[in-house]
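Asks: Below: one structure in C-alpha cells.
4 protein chains.
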Amino acid sequence: MQMNSSIASKIYIGAGLVTWSSFRDRVTSYRQATEIFEALRQVAKIPGIRGVDVSRNYMPENIKEFKSTLQELNLEVASVGAGLSSGPQMVHGSFSANDAEIRKIAIGRVKESMDIAKELGSDKVIVWFGQDGYDYHFETDYKTRWNYLVEGIRECAQYRDDVRLCIEYKAREPKIHQFVNSASTALVLIHDVNEKNVGVLFDVGHALLADETLAESAVMLAQHNKLWHVHLNDNYQHADSDLMPGTVHTMAFLELFFWLKRLDYEGYVTFDTVAHSHDPNEVTAESVRFTQALIASADRINNDEIDHIFSTDNPIKGLSIARAALFNL
Amino acid sequence: MQMNSSIASKIYIGAGLVTWSSFRDRVTSYRQATEIFEALRQVAKIPGIRGVDVSRNYMPENIKEFKSTLQELNLEVASVGAGLSSGPQMVHGSFSANDAEIRKIAIGRVKESMDIAKELGSDKVIVWFGQDGYDYHFETDYKTRWNYLVEGIRECAQYRDDVRLCIEYKAREPKIHQFVNSASTALVLIHDVNEKNVGVLFDVGHALLADETLAESAVMLAQHNKLWHVHLNDNYQHADSDLMPGTVHTMAFLELFFWLKRLDYEGYVTFDTVAHSHDPNEVTAESVRFTQALIASADRINNDEIDHIFSTDNPIKGLSIARAALFNL
Amino acid sequence: MQMNSSIASKIYIGAGLVTWSSFRDRVTSYRQATEIFEALRQVAKIPGIRGVDVSRNYMPENIKEFKSTLQELNLEVASVGAGLSSGPQMVHGSFSANDAEIRKIAIGRVKESMDIAKELGSDKVIVWFGQDGYDYHFETDYKTRWNYLVEGIRECAQYRDDVRLCIEYKAREPKIHQFVNSASTALVLIHDVNEKNVGVLFDVGHALLADETLAESAVMLAQHNKLWHVHLNDNYQHADSDLMPGTVHTMAFLELFFWLKRLDYEGYVTFDTVAHSHDPNEVTAESVRFTQALIASADRINNDEIDHIFSTDNPIKGLSIARAALFNL
Amino acid sequence: MQMNSSIASKIYIGAGLVTWSSFRDRVTSYRQATEIFEALRQVAKIPGIRGVDVSRNYMPENIKEFKSTLQELNLEVASVGAGLSSGPQMVHGSFSANDAEIRKIAIGRVKESMDIAKELGSDKVIVWFGQDGYDYHFETDYKTRWNYLVEGIRECAQYRDDVRLCIEYKAREPKIHQFVNSASTALVLIHDVNEKNVGVLFDVGHALLADETLAESAVMLAQHNKLWHVHLNDNYQHADSDLMPGTVHTMAFLELFFWLKRLDYEGYVTFDTVAHSHDPNEVTAESVRFTQALIASADRINNDEIDHIFSTDNPIKGLSIARAALFNL
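In C-alpha cells:
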C-alpha cells in the first residue's frame with residue numbers, strides 16, 4: 380500500500396460555529412450566543428482553521444451577507460446542519476413523527492437546507508434525528524416509524540442530487556433511544572433508502588456513545604463509500620459531552636487518524652465541541668493543537684511496518700510502534 | 380425475622396413538585412412551569428399521594444402562604460431541596476468551589492433551606508452537588524475540593540441539629556464527573572464529616588447511573604443508619620432520565636421494595652420524575668400505580684421462605700418466588 | 380392489524396443443550412459436562428420443552444444414534460451450532476483469520492455443520508464469530524478481515540441453499556471487540572454477502588450487550604426478513620452472563636414477546652443459559668416458567684389499544700397497559 | 380507544593396507472575412503455565428523490573444527454594460496474593476460464604492498467606508473477593524454477608540499486625556456483582572473493620588470497571604492513607620481484560636502518574652496483565668516501556684503551573700500542558 384508522506388495535506392480542520400452559540404442544560408444556563416458575525420471573525424483568527432460547519436439554528440437570516448462575510452474572512456463552509464430536532468413541535472420526532480404535518484415540515488426544512496448549502500458553496504447537509512426515537516418500552520411502533528424515516532430521506536435525496544445528505548447517527552440524547560443509533564444502523568438506513576446521495580457524517584463522539592472503535596467504524600463507512608464528513612469531539616461514553624478531541628481517548632484518536640491516512644480520506648474534520656463555561660476561542664484553538672499533534676503522531680507511523688503487524692497478529696509490536704509515535708520517542 | 384404483614388402502612392408515597400416545573404434540555408424547551416399553587420392543587424387530587432418534595436428552585440416566596448395551602452390540601456412536606464447547582468455562578472461547583480465566596484453562598488443557602496424545612500414541618504433538607512466535580516483530566520485538585528465539601532457540610536450540620544441533611548449522590552449530569560458519585564462515596568463523605576445529622580437521600584435513578592443494585596445499596600445505607608429518604612424514578616443507566624419507576628428495571632424495584640419491608644423502612648418514597656412532553660398528573664398517577672403494584676407484589680413474598688433461600692445459596696428458587704409474586708400467579 | 384388470540388401456539392420453547400455441558404471461567408471450574416445422552420433424557424422430562432439447540436462442541440460422534448435418541452424422546456432439533464471459536468487454533472479468528480488455512484478449516488466446519496443439521500432434521504446452522512475481532516488498537520486490518528468474513532460466509536451459503544445460516548452477532552467475549560457486534564452490523568454483513576440463505580440468530584443477551592432494545596432489534600431484523608431464530612437469556616449489559624430470561628430486564632422481555640406476536644413470529648425461542656453452580660434442570664425448568672409467564676402477560680395486551688397508543692404518542696398509557704398485563708391486575 | 384524532580388526514583392515497576400501462568404476463558408484454553416522457576420528467570424531479564432507480585436495459585440510449594448531463587452535473580456517480592464476465589468468450593472463466596480466452614484478455610488488461607496509474605500520479605504497480602512457477591516436479584520442477604528466480610532477481615536488483621544492486608548476491590552467477574560466493588564466501598568469496608576493494617580490494592584483496571592477516574596480514586600485512597608499498592612493494566616470498561624497499561628486510557632494514566640508524584644507515592648506499580656496468545660515477556664517488556672513513557676511525560680509537567688490551573692478553573696490550559704507533556708512537544 381502506497382501512502383502520501385503526510386496526511387495533513389488532505390485533512391482540512393474546521394471549526395463548528397455551534398461552539399459560539401448559547402449553551403444550557405436541564406439545570407444551568409451557561410452562556411449566551413456570541414453574535415454570529417462576531418463569532419465568524421473570531422474563528423477566522425484561529426490558526427489552522429480552514430472552514431466552518433454552520434447550523435440552521437445559529438445562522439443569520441441574510442444568507443448573502445453571511446456568504447460574503449465568509450468569503451472576506453477566507454472561510455469555507457464545510458457543511459450545513461439542518462437543525463431538525465429543536466423546537467417543541469419536534470418533541471415526538473421529525474422524519475419519523477406520527478403526525479404527517481410534522482414529517483412534512485421536517486422534509487421541507489432539509490430541502491431548504493440543501494438549497495442553502497449550495498448557495499454557501501457546500502454540497503453537504505447534515506441530518507441528525509435527535510428526537511426520532513423513544514423513551515419508554517411500549518411507546519412506539521418501531522416498524523412504521525422506521526419506514527417514515529426511509530421515505531422522508533428518500534424524498535429529500537431525490538429533491539436534488541447535487542447535494543449530499545450526511546446522516547449523523549447518535550444512540551441517545553435528547554431522545555433516550557434514537558432509531559439511527561450506530562454506524563451500522565446508518566448503513567442499513569442508507570441501503571433501505573437506496574439513493575446515491577445519502578451517506579454519513581461520522582461524529583466520533585457519537586461513535587464513542589455507541590461503544591464503537593473509531594478506526595473500525597471509519598473503515599466500515601469508507602468501505603461502503605459513505606465516510607463523507609467527520610465531527611471531532613470526545614466524551615466518556617455515557618453522555619455526548621462534546622469535549623476537546625483526544626483529551627480522553629487519545630489512542631483511539633491516533634488509530635483513527637492513522638486510518639484516515641490509510642484510507643486516503645480527503646475532507647474536513649470539524650470540531651463539534653461545547654464551551655459551556657469556557658472561551659470558545661480557547662476551546663477551538665486547543666482542539667486544533669490536539670488534532671495537529673495527533674496528525675503529526677500518525678504521520679510518524681510507517682504504514683508498511685503496520686501492514687506486516689496486521690498480517691502476523693502481533694498487537695504487542697503494533698502498540699510498540701503506536702507508543703513511539705504518540706510519545707514522540 | 381418477624382415482618383409486618385404489609386409494608387404499605389409504613390411507606391408513604393410522595394410526589395415531586397419538580398414534575399410540574401419547567402423542563403428543557405440542551406436542544407429543546409419542552410414545558411413551562413405550572414403555576415406553583417395550581418401544581419399543589421393538582422397533586423392533592425392524585426389518589427395515593429400523601430406528601431410532596433419541594434425544591435428551592437420551584438417554590439413561592441411567601442412561605443406562610445405555601446404552608447397554609449399545603450395544610451388546606453392535606454399535603455405533608457417530605458423534604459426541601461436546597462437547589463444548589465442552578466445558576467451560572469455555580470458552574471465551577473458549590474460546596475467544593477475554588478472561590479471561597481461561592482462556597483459561602485452555597486453554605487448559606489443550605490442553612491436557609493434548613494430553616495425553611497423546619498418552618499414547613501419537615502426535618503429533611505436535600506443536598507445535591509450537581510456541579511461539584513469536573514469534566515476533564517487535569518482540570519481539578521481532587522484533594523482540596525473534597526476537603527472543601529467535607530468542611531462545608533460539617534458547618535451546615537452544626538448550624539442546627541434538628542434538621543437532617545440528606546446527601547443526594549449522583550455520578551454525573553450536569554457536571555460530567557461528580558465527586559459524591561455513589562452510595563459508598565456518600566458514606567465516606569459522611570464519615571469524614573462526622574456529624575450525626577448527615578445521611579443519604581437514596582435516589583434510585585442515581586443508584587442505577589452508578590451501576591448499583593438497588594436493594595444492595597439500600598441495605599448498605601440502612602446498615603449504616605443512613606437510609607433517610609428515597610427518590611423513585613427509572614432510567615437505562617446512561618443518563619438520569621427520570622422515567623416512571625419500575626418501567627425499566629421492574630425486578631430490581633421489586634427486590635428493593637422487598638428489602639425496604641425487610642429493613643422496616645418507615646418514610647417517604649417520592650417521585651423524582653420528568654414530564655417533558657407529557658401531563659405531570661398522568662406521569663405521577665401512573666407512577667403511583669406502578670409503585671403500588673410493586674409494593675403489593677413485595678407483600679406476596681414470604682420472608683421466611685426467602686431466609687431459607689438466602690442461607691442455602693439457591694437463587695433459582697429465589698427467582699421462582701419472585702416470579703410468582705411479580706406476575707401474581 | 381389482526382392478531383391470533385394467543386402467541387403461545389406459534390412460539391416453540393427450546394432447551395439449549397449447552398446448559399448441561401461443562402462450565403468454567405478464567406478463575407474457576409464449575410461443572411463437568413453431563414453425559415450427552417443423559418442430558419437429553421433430562422431435557423425430555425422438563426415440561427414445556429419441544430426441541431433443543433445442539434452444538435458441535437457438545438454432541439455425540441455417532442449422529443445416527445443421536446438422531447434416534449432425539450426421536451425416541453420426542454425432541455426436535457431447533458438448530459445446530461457450528462462451534463467455531465473453540466480451540467487454540469482459532470485464537471486469532473476463524474472466518475476472518477489472517478491465516479488462509481484457518482479460514483479454510485472454519486469454512487469446512489460450517490459446511491459439515493450444514494450437512495449434520497440436515498441429517499438431524501433442522502435447516503438452521505448457527506454461526507458465531509467469537510474470536511473474530513481484536514483486543515487492542517493497532518492490532519488489526521479492519522478492512523481486509525471484514526472482506527474475509529464476507530467471502531467465507533458467501534462460500535458456505537453457496538454450498539447448499541436448503542440450510543439457513545443464522546449469524547449470531549455479539550459485541551464482545553471472548554474477543555474483546557468482535558466485528559459482527561450488533562443487529563445492524565449483522566444486516567450489513569448479510570447485505571454484503573448477498574445470499575438468500577443468510578439471516579440472524581437473535582440472541583437477546585447479545586442484544587443487551589450491544590445496548591439494544593430487544594423489541595426494536597427484533598422488529599428491525601423481521602422487517603428485513605432475517606429474524607430466523609431466537610436465543611433467550613438475560614444479563615446486566617456488561618458481560619454475557621446467560622442468566623435465566625426475564626429475571627433482570629422483565630419489561631424489555633414483555634415488550635419483545637408482545638412484538639413477536641405482532642410480527643407473527645413462528646419458530647423457536649431457545650434458552651442459551653449457564654448453570655455454573657446450579658442444576659441445569661432447575662435452571663431450564665424455571666426459564667420455561669418465566670417464558671410462559673411473559674407470554675401469558677403479552678397475551679393480555681390488546682393489540683388494537685396499543686395501535687392507538689402508538690399513533691398518539693402516549694407512552695404513559697402504553698405503560699399503564701403493560702403494567703396491568705405484567706402484574707396480572 | 381515541592382516536588383522531587385523525577386517520580387521515577389520512588390515508583391518501582393513490578394511484574395505480575397500471573398502473566399506467565401495458564402490462561403483460559405469460557406470458550407478457549409490459550410496457554411499452559413510456564414514452569415514457575417523458568418518464569419522467574421525470564422522476568423529477571425526484562426529491563427526495568429525490580430520485583431514481582433506472586434500469587435498462591437502459581438507458586439512453588441518449597442518456599443525456601445522460591446525465596447533463594449528470587450534472591451539470586453535480584454527480584455523483590457512486592458506482594459503475595461492469597462488466591463481466594465479459585466476452586467469450586469469457593470463458588471458461593473469465600474469470606475462472605477454462608478457456609479461457616481468455607482469462611483474458616485478462607486480466613487485460614489489469608490493467615491497462611493501473611494506468614495508466607497513475611498517469609499518472602501514482603502509485608503503485603505492481596506485479598507480479592509472474586510466470588511463474594513451474587514448473580515441474581517433475590518439471591519442473597521446483602522446484610523448478613525457484608526457482616527461476614529467485616530468479621531473475617533478483622534480476624535485476619537488481628538492475626539499479625541506486621542503484615543498489611545491490601546483489599547483488591549472489583550465490581551464484577553467472576554461473580555457478576557461483587558460486594559467490594561469500588562474504591563469507596565473498600566473504604567467503607569475498611570472503616571467497618573477498624574484495624575490499622577487493612578488498606579487497598581488499587582488495581583487501575585478494576586477502577587476503570589467501576590467507572591472511576593484513576594487519579595481521583597488514587598487521591599481518595601491516599602487521603603485516607605490507604606493507597607498501599609498499585610496494579611497496572613487497561614481495559615474498555617466492560618470486562619477486566621488486563622491489557623497493557625496505557626494502551627487504551629493513555630490520558631487517564633498520565634493524570635494518574637502525575638498524581639502519584641504529587642502524592643509522593645512510594646512503592647510498586649505492578650503489571651496485572653494477561654498474555655493469552657502472546658509472549659508474556661513481550662507483554663511485560665512493552666508494559667514497562669509504556670509505563671516509563673508515561674512517567675517521563677508526567678515528569679515534564681510543572682506542578683506549580685498545574686496548581687495555578689487548578690485554583691483558577693481552567694481545564695483548557697490544563698489540557699494544553701498535558702498535551703505538551705504527552706506528545707513530548
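Residue numbers (the working numbering), protein chains in the order written: chain H, 380 to 708; chain V, 380 to 708; chain D, 380 to 708; chain P, 380 to 708.
For each residue, glycine too, the CB sits at the ideal point set by N, CA and C.
1. Keeping to the same chain, check which residues put their C-beta closer than 7 angstroms to that of residue 531 of chain P; ignore five residues upstream and five downstream.
2. Ends of the alpha helix (DSSP H) at residue 678 of chain P?
3. At a CB-CB cut-off below 8 angstroms, which residues of chain H make contact with residue 668 of chain P?
4. Along chain H, which residues have their Cβ under 9 angstroms away from the Cβ of residue 622 of chain V?
5. Hey, quick one: how far does the beta strand (DSSP E) through residue 542 of chain H stretch, first residue to last?
6. Does the structure place the region 622 to 630 of chain D close enough to the region 399 to 413 of chain D that three or more beta carbon pairs sit under 8 angstroms?
7. Check the Cβ of residue 561 of chain V against every Cβ in chain P and list those closer than 7 angstroms, keeping chain order.
8. Here's a check: name, in chain order, each residue in its chain whose Cβ is nearer than 8 angstroms to the Cβ of residue 594 of chain D, leaving out the five neighbours to either side.
9. Counting contacts by CB-CB distance shorter than 8 angstroms, is residue 629 of chain V in contact with chain D?
10. In the DSSP assignment, find the beta strand (DSSP E) that holds residue 603 of chain P and state where it starts and stops.
11. With residue 711 of chain V as the anchor, note down where its beta strand (DSSP E) starts and where it stops.
12. For a test of the three-state rule: what should DSSP assign to residue 394 of chain V, helix, strand or coil?
13. Of all Cβ atoms in chain V, is any one closer than 8 angstroms to the Cβ of residue 596 of chain D?
14. By Cβ distance below 7 angstroms, which residues in the same chain neighbour residue 401 of chain P in space, the five residues on each side in sequence not counted?
15. In the DSSP assignment, find the unbroken beta strand (DSSP E) run with residue 649 of chain H in it and report its ends.
16. Following the continuous alpha helix (DSSP H) through residue 517 of chain V, name the residue where it begins and the one where it ends.
17. Just to confirm, is the Cβ distance from residue 672 of chain D to residue 708 of chain V under 8 angstroms?
18. Determine whether the Cβ of residue 626 of chain D lies closer than 8 angstroms to any Cβ atom of chain P.
19. Considering only C-alpha positions, which residue in the set V:659, V:596, V:669 and V:512 is nearest to residue 625 of chain V?
20. Of the residues P:554, P:427, P:548 and P:553, which one's Cα is nearest the Cα of residue 717 of chain P?
21. Could you tell me which chain P residues have their CB closer than 7 angstroms to the CB of residue 657 of chain H, listed as they occur along the chain?
22. Using DSSP's beta-bridge definition, name the partner residues of residue 487 of chain V.
23. Taking C-alpha atoms, which residue in V:558, V:583, V:507 and V:565 lies nearest to residue 524 of chain V?
24. Per DSSP, residue 557 of chain D is paired with what?
25. Could you tell me whether the region 606 to 625 of chain D touches the region 578 to 587 of chain D, using the rule of 3 or more Cβ pairs below 8 angstroms?
26. Is any beta-carbon of chain D found at less than 8 angstroms from that of residue 509 of chain P?
27. Take residue 419 of chain H as the anchor and find which of H:660, H:541, H:508 and H:570 has the nearest alpha-carbon.
28. Please identify the residue among P:678, P:589 and P:613 whose C-alpha is closest to the C-alpha of residue 555 of chain P.
29. Please check if any C-beta of chain H sits within less than 8 angstroms of the C-beta of residue 661 of chain P.
30. Report the neighbours of residue 404 of chain D on chain P: residues whose CB is nearer than 9 angstroms to its CB, in chain order.
31. With a threshold of 8 angstroms between beta carbons, is residue 522 of chain H in contact with chain D?
32. I need the boundaries of the alpha helix (DSSP H) containing residue 416 of chain V, first residue and last residue.
33. Measuring straight from C-alpha to C-alpha, what distance separates residue 439 of chain D and residue 414 of chain D?
34. Is residue 698 of chain H helix, strand or coil when you go by DSSP?
35. In the DSSP output, which residue or residues are listed as bridge partners for residue 524 of chain V?
36. Between residue 399 of chain D and the rest of its own chain, which residues show a CB-CB distance below 6 angstroms, the 5 nearest in sequence each way excluded?
Replies: According to the data block:
1. The sequence position of residue 531 of chain P within the fourth sequence is 152, counting from 1. Within the same chain, residue 531 of chain P has close Cβ partners 474, 482, 485 and 486.
2. In the fourth sequence, residue 678 of chain P corresponds to position 299, counting from 1. Its alpha helix (DSSP H) spans residues 659 to 678.
3. Here residue 668 of chain P refers to the residue found at position 289 of the fourth sequence. Within chain H, the residues near residue 668 of chain P are 699 and 702.
4. Start at 1 with the first residue of the second sequence, and residue 622 of chain V comes out as number 243. The contacting residues are 514, 515 and 555.
5. Here residue 542 of chain H corresponds to residue number 163 of the first sequence, with the count starting at 1. No beta strand (DSSP E) holds residue 542 of chain H; DSSP gives it neither H nor E.
6. By the Cβ rule, the region 399 to 413 of chain D does not count as touching the region 622 to 630 of chain D, because fewer than three pairs are nearer than 8 angstroms.
7. Reading the second sequence from its first residue, position 182 is the one you call residue 561 of chain V. The contacting residues are 561 and 563.
8. As a first step, residue 594 of chain D is located in the third sequence; it is residue number 215 there, counting from the start. Non-local C-beta neighbours of residue 594 of chain D in its own chain, meaning closer than 8 angstroms and more than five positions away in sequence, comprise 631, 634, 635, 637 and 638, ordered along the chain.
9. Residue numbering aside, residue 629 of chain V sits at position 250 when the second sequence is read from its first letter. Taking Cβ atoms only, chain D reaches closer than 8 angstroms to residue 629 of chain V, which makes this a yes.
10. Translated into positions along the fourth sequence, residue 603 of chain P becomes position 224. Per DSSP, residue 603 of chain P is not a residue of any beta strand (DSSP E), being assigned neither H nor E.
11. Residue 711 of chain V lies beyond the range of chain V shown here (380 to 708); nothing can be said about it.
12. Locating residue 394 of chain V in the second sequence gives position 15, where the first residue counts as 1. Note: residue 394 of chain V maps to strand in three-state DSSP.
13. The residue given as residue 596 of chain D occupies position 217 in the third sequence. Taking 8 angstroms as the threshold, the shortest C-beta distance from residue 596 of chain D to chain V does not fall below it.
14. Start at 1 with the first residue of the fourth sequence, and residue 401 of chain P comes out as number 22. Take residue 401 of chain P, set aside five residues on each side of it, and the residues of its chain with a beta-carbon closer than 7 angstroms to its own are 410, 411 and 412, in chain order.
15. Within the first sequence, the letter at position 270 stands for residue 649 of chain H. Unbroken beta strand (DSSP E) run through residue 649 of chain H: 646 to 650.
16. Numbered from 1 along the second sequence, position 138 holds the residue referred to as residue 517 of chain V. That residue, residue 517 of chain V, is in no alpha helix (DSSP H); it is neither H nor E in DSSP.
17. Looking up residue 672 of chain D in the third sequence gives position 293. Looking up residue 708 of chain V in the second sequence gives position 329. A Cβ-Cβ contact shorter than 8 angstroms links residue 672 of chain D with residue 708 of chain V.
18. Here residue 626 of chain D refers to the residue found at position 247 of the third sequence. Taking 8 angstroms as the CB threshold, residue 626 of chain D lines the interface with chain P.
19. What you label residue 625 of chain V is simply residue 246 of the second sequence in a count that begins at 1. Measuring from the Cα of residue 625 of chain V, the nearest candidate turns out to be V:669.
20. Outside the displayed span of chain P (380 to 708) sits residue 717 of chain P, for which this structure offers no information.
21. Along the first sequence, one-based indexing puts residue 657 of chain H at 278. The contacting residues are 695.
22. What you label residue 487 of chain V is simply residue 108 of the second sequence in a count that begins at 1. Per DSSP, residue 487 of chain V has no beta-bridge partner at all.
23. Residue 524 of chain V sits at position 145 when you count from the first residue of the second sequence. Closest by alpha carbon: V:558.
24. Position 178 of the third sequence, counting from 1, holds the residue named residue 557 of chain D. Paired residues: D:512.
25. Because the criterion of three Cβ pairs below 8 angstroms is met, the region 606 to 625 of chain D and the region 578 to 587 of chain D touch.
26. Indexing the fourth sequence from 1 puts residue 509 of chain P at position 130. Yes, residue 509 of chain P lies at the interface with chain D (some Cβ there is under 8 angstroms from its Cβ).
27. As a working mapping, residue 419 of chain H is identified with position 40 in the first sequence. The shortest C-alpha separation from residue 419 of chain H is found at H:660.
28. Here residue 555 of chain P corresponds to residue number 176 of the fourth sequence, with the count starting at 1. Across the set P:678, P:589 and P:613, the C-alpha of P:589 shows the shortest separation from the C-alpha of residue 555 of chain P.
29. The residue labelled residue 661 of chain P in the question sits at position 282 within the fourth sequence. Yes, because at least one Cβ of chain H sits closer than 8 angstroms to the Cβ of residue 661 of chain P.
30. Indexing the third sequence from 1 puts residue 404 of chain D at position 25. Going along chain P in sequence order, the residues near residue 404 of chain D (Cβ under 9 angstroms) are 403, 404, 405, 552 and 553.
31. For the purposes of this step, residue 522 of chain H is taken as the residue at position 143 of the first sequence. It does: the Cβ of residue 522 of chain H has a partner Cβ on chain D nearer than 8 angstroms.
32. Walking along the second sequence from the start, residue 416 of chain V turns up at place 37. 415 to 423 is the extent of the alpha helix (DSSP H) around residue 416 of chain V.
33. As a first step, residue 439 of chain D must be located in the third sequence, where it is residue number 60. As a first step, residue 414 of chain D must be located in the third sequence, where it is residue number 35. It is roughly 9 angstroms from the alpha-carbon of residue 439 of chain D to the alpha-carbon of residue 414 of chain D.
34. For this step, residue 698 of chain H is matched to residue 319 along the first sequence. Of the three classes helix, strand and coil, the one that applies to residue 698 of chain H here is helix, per DSSP.
35. Locating residue 524 of chain V in the second sequence gives position 145, where the first residue counts as 1. DSSP lists no bridge partner for residue 524 of chain V.
36. Mapped onto the third sequence, residue 399 of chain D falls at position 20. Sequence-distant partners of residue 399 of chain D (beyond 5 residues in either direction) whose C-beta falls short of 6 angstroms from its own C-beta, in its chain, are 413, 418 and 659.
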